[in-house]
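Colleague: Take a look at this one; I'll ask things after.
There are 2 protein chains.
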Amino acid sequence: MTPERNSAKKRSYHHGNLPAALIDAGLKLIEKKGVRALTLREIGARVGVSRMAAYRHFSDKADLLAAIREAGFAQFADALEQARSKAGKTFALRLKAMAFAYVRFAAEHPAHFEVMFSWSPHQPTPPSPAGARAFGILEKTIREGQQSSDVRQGDSVMLARLVWAQVHGVSMLRLAPDLTPKGAGTRFVEFCSEILATGLAQT
Amino acid sequence: MTPERNSAKKRSYHHGNLPAALIDAGLKLIEKKGVRALTLREIGARVGVSRMAAYRHFSDKADLLAAIREAGFAQFADALEQARSKAGKTFALRLKAMAFAYVRFAAEHPAHFEVMFSWSPHQPTPPSPAGARAFGILEKTIREGQQSSDVRQGDSVMLARLVWAQVHGVSMLRLAPDLTPKGAGTRFVEFCSEILATGLAQT
DNA sequence: ACCTGAACACCGTTCAAGT
DNA sequence: ACCTGAACACCGTTCAAGT
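Protein sequence lines, in the order shown, are assigned to chains A and B. Taking the working numbering, I'd label the letters of the first sequence as residues -13 to 189. Taking the working numbering, I'd label the letters of the second sequence as residues -13 to 189.
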């Protein structure tokens, strides 16, 4: 009796999964015009909903962006994890695979990457659980490298930060001349991985 | 006879050097609230001028930001140059000095740094002359390192990009735990320089 | 519970006008 | 030449109201 499921003659009052739809529409708009040009009004229009609907699910625009950011870090951590597990078992192979995964993620998901790492000292990034997970994967790899004597002894967190900074710099500065969405910076990333591994090895 | 210089009984009609004053006020506001919160109106108010005055000197807000950015790169290149010339003459010392200068600039001039490297794939950074100069200083140092056999042979531009990416990543991610405006990340930067130099040395 | 419309205090930018 | 004021088309966000 309750009119819960209409046979879609008109799009239902509820939107099924509005939060997810808003995040998705937001990502597509960022990809097209950049975060700076993102407006709640346009997201709403794209999803077919009032400009105010977002406020039922997110406290404000910053909160929506935080959700986009966290979803990005989750995907990102998955990509790193997958690259690691698919790679051979030596430290050098794992490092290279993860470096590729990092740079490739930046190239393939520019909108997510832009939100995840948009930089300002004033809105200091609240710590992201998924971001911490991603870093943990890298740090674990470093520790294994130390056990197999591929990496010098020392603070594995510091060593992991160094590696993170390297690949992050490459991604942000788009320094790989052969960096394209589908064939991500092959030569330059390989070059960096090799030099990094050499530096890490020495005691 | 012409009323050109009044004895400052009221602030003169012209502002002396309005463009420089606008850039300066902009920097201070960015430092306080971030680029995102920067408004032409507030800059104008701060300088004591109408919100429209900026349009006499800059074509729009983006153009003012570009001027800020370029000024930042000029200061930045100077800082690198100075660090290089003050350092000892070995490659290792120069590399370390420049790494410090990079990270310290980011820490001491957060507003400039934010504008210089604010990231979006959609407003692809127009090439900056001063930015190119800064990169050139680094690349020259790499070439000298190759001549003194401190750095492996190979494409010096690629090698310089690698170093740039490393220090840039450190600066952006604020990975140095001991990074403060005045005592910039001493231990971590030293750590990175050493590992980097080791990796660069090997053939 | 979930969504909407009108209203408010902001933006950047254009344009005609002042000195 | 350099600056201003009013006006326009946008924002994010609040609030009372609709289903």
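Backbone N, C-alpha and C fix where the C-beta goes; we use that ideal spot for every residue, glycine too.
Given residue 183 of chain A, which residues of its chain have a CB within under 7 Å of its CB, disregarding the five upstream and five downstream residues?
Modeller: For residue 183 of chain A, where only same-chain residues beyond five positions count, the Cβ hits under 7 Å are 78, 81.
Colleague: Could you check what DSSP says for residue 74 of chain A in three-state terms: helix, strand or coil?
Modeller: It is coil, neither helix nor strand.
Colleague: Sort A/105, A/127, A/99 by Cα distance to residue 60 of chain A and report the nearest one.
Modeller: Residue A/99 is the option with its Cα nearest to residue 60 of chain A.
Colleague: For a quick check, are the C-beta atoms of residue 138 of chain A and residue 189 of chain A less than 9 Å apart?
Modeller: Yes, these two residues count as a Cβ contact at 9 Å.
Colleague: For chain A, check one thing: does any of its Cβ atoms lie closer than 9 Å to the Cβ of residue 14 of chain B?
Modeller: No, no contact with chain A.
Colleague: For residue 39 of chain A and residue 53 of chain A, what's the separation of their Cα atoms in angstroms?
Modeller: Each residue's Cα considered, the two are about 16 Å apart.
Colleague: Could you pull the start and end residues of the alpha helix (DSSP H) that residue 179 of chain B belongs to?
Modeller: Here the alpha helix (DSSP H) through residue 179 of chain B covers 172 to 187.
Colleague: Would you say residue 29 of chain B lies against chain A (beta-carbon separation less than 9 Å)?
Modeller: Output row for residue 29 of chain B: interface = no.
Colleague: Along the chain, where does the alpha helix (DSSP H) that runs through residue 44 of chain B open and close?
Modeller: Unbroken run through residue 44 of chain B: none, as it is neither H nor E.
Colleague: Distance check for residue 151 of chain B and residue 119 of chain B, CA to CA, integer angstroms please.
Modeller: C-alpha separation (whole angstroms): 16 Å.
Colleague: Can you list, in chain order, the residues of its chain whose CB lies under 6 Å from that of residue 92 of chain A, leaving out five sequence neighbours each side?
Modeller: Cβ neighbours of residue 92 of chain A beyond the five flanking positions: 99, 157.
Colleague: Consider the Cβ of residue 181 of chain B: report whether some Cβ of chain A lies at a distance smaller than 9 Å.
Modeller: Closer than 9 Å to some Cβ of chain A, the Cβ of residue 181 of chain B qualifies, so yes.
Colleague: Are the C-beta atoms of residue 100 of chain A and some chain B residue less than 9 Å apart?
Modeller: So, interface residue.
Colleague: Roughly how many angstroms lie between the CA atoms of residue 16 of chain A and residue 27 of chain A, to the nearest whole one?
Modeller: If I take the Cα positions, the gap works out to 14 Å.
Colleague: Is residue 70 of chain A closer than 9 Å to residue 123 of chain A when the C-beta atoms are compared?
Modeller: Contact flag set, yes.
Colleague: By the DSSP assignment, the alpha helix (DSSP H) with residue 155 of chain B in it spans what residues?
Modeller: Note, residue 155 of chain B: alpha helix (DSSP H), 142 to 159.
Colleague: So residue 95 of chain A is in the alpha helix (DSSP H); what residue range does that whole segment cover?
Modeller: Careful: residue 95 of chain A lies outside any alpha helix (DSSP H) and carries neither H nor E.
Colleague: Report the three-state DSSP secondary structure of residue 138 of chain A (helix, strand or coil).
Modeller: In this structure, residue 138 of chain A counts as coil in the three-state DSSP scheme.
Colleague: Shorter than 9 Å from the beta carbon of residue 188 of chain A to some beta carbon of chain B?
Modeller: Closer than 9 Å: yes.
Colleague: Under the assumption that residue 89 of chain B contacts residue 175 of chain B (Cβ atoms under 8 Å), give the Cβ distance between them as a whole number of angstroms.
Modeller: Rounded, the Cβ-Cβ distance is 5 Å, consistent with contact.
Colleague: Establish whether the CB of residue 147 of chain A and some CB of chain B are separated by less than 9 Å.
Modeller: Chain B contact via Cβ: present.
Colleague: Starting from residue 33 of chain B, trace the alpha helix (DSSP H) both ways and give me its first and last residue.
Modeller: 26 to 33 is the span of the alpha helix (DSSP H), which, as asked, contains residue 33 of chain B.
Colleague: Buried or exposed, going by whether 16 or more other CB atoms sit within 10 Å of the CB of residue 181 of chain A?
Modeller: Flag for residue 181 of chain A reads buried.
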